[in-house]
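J.: Going by our numbering, the sequence shown opens with residue 293, and the numbers climb by one from there.
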Amino acid sequence: MSMTDGYSLVHITVDGEYRAPLVASQLFDQAEWQAKDRGIAAPDKVEAWILGAMREYTDATAQEKLRSLVERCPNISVRMINGIGRLGYFPMVQLMKIYRRRLGKKPVIYHCRGESAAQWGLRMRDLFPGDKVVLDVRGYWPAEKLYERGIEYPEKAIGADRTLYNTLLDHLTKTISKVDGVTTVSESLRALLIEKSGATAGCAVVPCCVSAVVPGDRRDELRDSWGVGKDEIVVVYSGTTAAYQHLEDLTIPFMKALMDADSRIRPAFFSSQIDKITMMLQNAGLDIERVLLKKFRQDEVGSALSACDAGILIRKPTLVNRVANPVKIAEYLAAGLPIIIEKGVGGVADEMFGKGILKAVTLTASDANVSDQVAETLSWLNGGIASNRSVVQDYVRSVYLWSAAIHVSRALYQQVLKKHS
């Protein structure tokens, strides 16, 4: 099959994931860019299929979310295709066949978010043998499931937890053996999938991306409205209070150490859970009056971040955190913010440290000297990071924008289309 042969692209999500803002940016925006960019190896048609339970057809919040996704992605067809589980998900398969036939005789690539979605892509490939299935592994699910249970390292799992891990790993391995191609979010996760689950060297890396860099035209306006002084440095955490974020044990104590050592440091927390974060800060003994606590709509976060000076992402370098690539990284960078990050987490490229885009700390090491870490970080923060904003955003344009990343996916699509053709 030549580079000029046509194909259609269908992104598949299941298990109600479409409701999450993360999936809106990582699946639907990705699909939208595949449709908008008509460059080399562009798909003829692009659709996103939301597969789920029949009740979602009559669920008001589900339908509202569907409408918002349709508005967000005007260049693709967003389809909600549901069925009744106890009836073998009838009539979902029949509807999928109808929508597949409407895409024509050229092959379809099913880009499936996770192993559960891939099972439906494989089912469609059985019905339409010329089609191909790409598994999108967004995280190492066997270890993530243990993490939800408080088990940070798979080797520590015993009994039922070990059985669960082995079962999920076996499912991942079998799924990888059946699909035509695999894409994932970091080089470290790619290496792990090759080592543990039989992925091949053709496994592609597409990090969690964003659609655009933030212009920063509201930076001064926002800082003035927040009462930030000209010489103050705003270090921001943006996200939830989930345990894996390590707010109470790592991020907040380090923020406190920075502001205690330098009065110009203004910690900021942007979250929908501000009340909970406020309680955490009070328990840690921070001066709340010196902390910026803000809650923004999703479409406001980018501008708010651009008014800050650096982002922060400190997590334990567990297996899950070493191979994951949080979208928070792309969001910080797109707003022009270099990032203070725990060494070994985030699945980031080593070159980012050399460019001054990332500042590594090692707060979780057994021999960590927090005072030294604070001094080094303050030196970095005071060393002209504001002038590095353009370097940060230039890097984003080449690596962390969908307009760049979709071409990596297209190269993989071309590989899988050539299989057995």
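Just so it is clear, CB atoms sit at the ideal spot from N, CA and C, and this is done for glycine as well.
1) For residue 538, does the three-state DSSP call read helix, strand or coil?
2) Take residue 524 and list the residues in its own chain whose beta-carbon comes closer than 6 angstroms to its own, dropping the five residues that flank it on each side.
3) According to the neighbour-count rule (16 or more other Cβ atoms, all chains shown, within 10 Å of its Cβ), is residue 492 buried or exposed?
4) At which residues does the beta strand (DSSP E) containing residue 346 begin and terminate?
5) Along the chain, where does the beta strand (DSSP E) that runs through residue 448 open and close?
6) Inspect the beta-carbon positions of residue 486 and residue 495 and report whether they are closer than 8 angstroms.
7) Would the stretch 393–410 count as touching the stretch 377–384 if we require 3 or more Cβ pairs under 8 angstroms?
8) Tell me which residues share the same chain as residue 586 and place their Cβ nearer than 6 angstroms to its Cβ, disregarding the 5 neighbours each side in the sequence.
9) In angstroms, rounded to a whole number, what distance separates the CA positions of residue 616 and residue 429?
10) Let's see if you can read the secondary structure: which residues bound the beta strand (DSSP E) around residue 529?
11) In angstroms, rounded to a whole number, what distance separates the CA positions of residue 399 and residue 711?
12) Kindly provide the ranges of any beta strand (DSSP E) runs that are 3 or more residues long and lie completely inside the stretch 538–593, ordered along the chain.
13) Taking the Cβ atom as the reference point for each residue, do residue 526 and residue 626 lie within a distance shorter than 8 angstroms?
14) For the stretch 324–339 and the stretch 693–710, state whether three or more C-beta atom pairs, one from each stretch, are separated by less than 8 angstroms.
15) State the Cα-Cα distance for the pair residue 508 and residue 595, rounded to the nearest angstrom.
16) Based on the DSSP secondary-structure assignment, which residues constitute the bridge partners of residue 310?
17) Indicate whether residue 503 and residue 593 have their beta-carbon atoms separated by less than 8 angstroms.
18) Can you check DSSP and say which residues form a bridge with residue 634?
19) Would residue 656 be called buried (16 or more neighbouring beta carbons within 10 Å of its own) or exposed?
20) For residue 386, count the other beta carbons within 10 Å of its own beta carbon; 16 or more makes it buried, fewer makes it exposed. Which is it?
21) Quick check: residue 304 and residue 341, are their CB atoms within less than 8 angstroms of each other?
22) Would you tell me roughly how many angstroms separate the C-alpha atoms of residue 483 and residue 685, rounded to the nearest one?
23) Name the DSSP beta bridge partners of residue 404, please?
24) Would you report the Cα separation of residue 644 and residue 613, rounded to the nearest angstrom?
25) I'd like to confirm the pairing. Which residues does DSSP put opposite residue 371 in its beta bridges?
26) Would you check if the stretch 408–418 and the stretch 312–327 touch, i.e. whether three or more CB-CB distances between them fall below 8 angstroms?
27) Checking 8 angstroms against the spacing of the C-beta atoms, do residue 435 and residue 611 come in under that value?
28) Output the distance between the C-alpha atoms of residue 301 and residue 647, rounded to the nearest integer angstrom.
29) Looking at residue 497: is its Cβ nearer than 8 angstroms to the Cβ of residue 513?
30) At a cut of 8 angstroms, does the stretch 463–470 reach the stretch 435–452 through at least three beta carbon pairs?
31) Relative to the C-alpha of residue 289, which residue among 589, 515 and 433 is closest?
32) Starting from residue 602 and walking both ways along the beta strand (DSSP E), at which residues does that stretch end?
33) Check residue 409 in the structure and name its three-state DSSP category.
34) Where do the ends of the alpha helix (DSSP H) carrying residue 492 lie?
35) Just reading off the alpha helix (DSSP H) that residue 353 is part of, what are its end residues?
36) For residue 467, count the other beta carbons within 10 Å of its own beta carbon; 16 or more makes it buried, fewer makes it exposed. Which is it?
T.: Let me spell this out:
1) Taking the sequence shown and counting its residues from 1, one reaches residue 538 at position 246. The answer is coil: DSSP assigns residue 538 none of H, G, I, E or B.
2) Residue 524 sits at position 232 when you count from the first residue of the sequence shown. Taken in chain order, the residues that qualify are 556 and 558.
3) One-based indexing of the sequence shown puts residue 492 at position 200. With fewer than 16 other Cβ atoms within 10 Å, it is exposed.
4) Residue 346 sits at position 54 when you count from the first residue of the sequence shown. Following the DSSP letters along the chain, one finds residue 346 in no beta strand (DSSP E), marked with neither H nor E.
5) Here residue 448 refers to the residue found at position 156 of the sequence shown. Neither: residue 448 is in no beta strand (DSSP E) and is coded neither H nor E.
6) For the purposes of this step, residue 486 is identified with residue 194 of the sequence shown, where counting begins at 1. For the purposes of this step, residue 495 is identified with residue 203 of the sequence shown, where counting begins at 1. Yes, these two residues count as a Cβ contact at 8 angstroms.
7) no
8) Locating residue 586 in the sequence shown gives position 294, counting from the first residue. So the qualifying residues of the chain are 562.
9) On the sequence shown, residue 616 is found 324 positions in, with the first residue counted as 1. On the sequence shown, residue 429 is found 137 positions in, with the first residue counted as 1. Cα to Cα, residue 616 sits roughly 10 angstroms from residue 429.
10) Within the sequence shown, numbered from 1, the residue matching residue 529 stands at position 237. Unbroken beta strand (DSSP E) run through residue 529: 525–530.
11) Start at 1 with the first residue of the sequence shown, and residue 399 comes out as number 107. Start at 1 with the first residue of the sequence shown, and residue 711 comes out as number 419. Taking the straight line from one Cα to the other gives about 12 angstroms.
12) 557–562 and 584–586
13) Taking the first residue of the sequence shown as 1, we reach residue 526 at position 234. Taking the first residue of the sequence shown as 1, we reach residue 626 at position 334. Cβ distance not < 8 angstroms, so residue 526 and residue 626 don't count as in contact.
14) yes
15) Mapped onto the sequence shown, residue 508 falls at position 216. Mapped onto the sequence shown, residue 595 falls at position 303. Those two C-alpha atoms are separated by around 6 angstroms.
16) In the sequence shown, residue 310 corresponds to position 18, counting from 1. DSSP, once it has assigned bridges, lists no residue as partnering residue 310.
17) If you number the sequence shown from 1, residue 503 lands on position 211. If you number the sequence shown from 1, residue 593 lands on position 301. No; because the gap between Cβ atoms is not below 8 angstroms, this pair is not in contact.
18) Taking the sequence shown and counting its residues from 1, the one referred to as residue 634 is at position 342. Under DSSP, residue 634 shares a beta bridge with 653.
19) Numbered from 1 along the sequence shown, position 364 holds the residue referred to as residue 656. That one is buried.
20) For the purposes of this step, residue 386 is identified with residue 94 of the sequence shown, where counting begins at 1. Classification for residue 386: exposed.
21) Position 12 of the sequence shown holds residue 304. Position 49 of the sequence shown holds residue 341. Less than 8 angstroms separates the beta-carbon of residue 304 from that of residue 341.
22) One-based indexing of the sequence shown puts residue 483 at position 191. One-based indexing of the sequence shown puts residue 685 at position 393. In a straight line, the C-alpha of residue 483 is about 27 angstroms away from that of residue 685.
23) Position 112 of the sequence shown, counted from the first residue, corresponds to residue 404. For residue 404, which the question treats as bridged, DSSP gives the partners 304 and 427.
24) Counting from 1 along the sequence shown, the entry for residue 644 is found at position 352. Counting from 1 along the sequence shown, the entry for residue 613 is found at position 321. Distance between the alpha carbons of residue 644 and residue 613: 18 angstroms.
25) Indexing the sequence shown from 1 puts residue 371 at position 79. Bridge partners of residue 371: 341.
26) no
27) As a working mapping, residue 435 is identified with position 143 in the sequence shown. As a working mapping, residue 611 is identified with position 319 in the sequence shown. Cβ distance < 8 angstroms, so residue 435 and residue 611 count as in contact.
28) Translated into the one-based positions of the sequence shown, residue 301 becomes position 9. Translated into the one-based positions of the sequence shown, residue 647 becomes position 355. The straight-line gap from Cα to Cα measures roughly 36 angstroms.
29) Here residue 497 corresponds to residue number 205 of the sequence shown, with the count starting at 1. Here residue 513 corresponds to residue number 221 of the sequence shown, with the count starting at 1. Taking 8 angstroms as the Cβ cut-off, residue 497 and residue 513 do not qualify as a contacting pair.
30) no
31) This structure cannot speak to residue 289, because the chain is shown only from 293 to 713.
32) As a working note, residue 602 is residue 310 in the sequence shown. First-last of the beta strand (DSSP E) with residue 602: 602–605.
33) Numbered from 1 along the sequence shown, position 117 holds the residue referred to as residue 409. Reduced to three states, the DSSP call for residue 409 is helix.
34) Taking the first residue of the sequence shown as 1, we reach residue 492 at position 200. Per DSSP, residue 492 belongs to no alpha helix (DSSP H) and is neither H nor E.
35) By one-based count along the sequence shown, residue 353 stands at place 61. Per DSSP, residue 353 belongs to the alpha helix (DSSP H) from 352–364.
36) Here residue 467 is taken as the residue at index 175 of the sequence shown, counted from 1. With 16 or more other Cβ atoms within 10 Å, it is buried.
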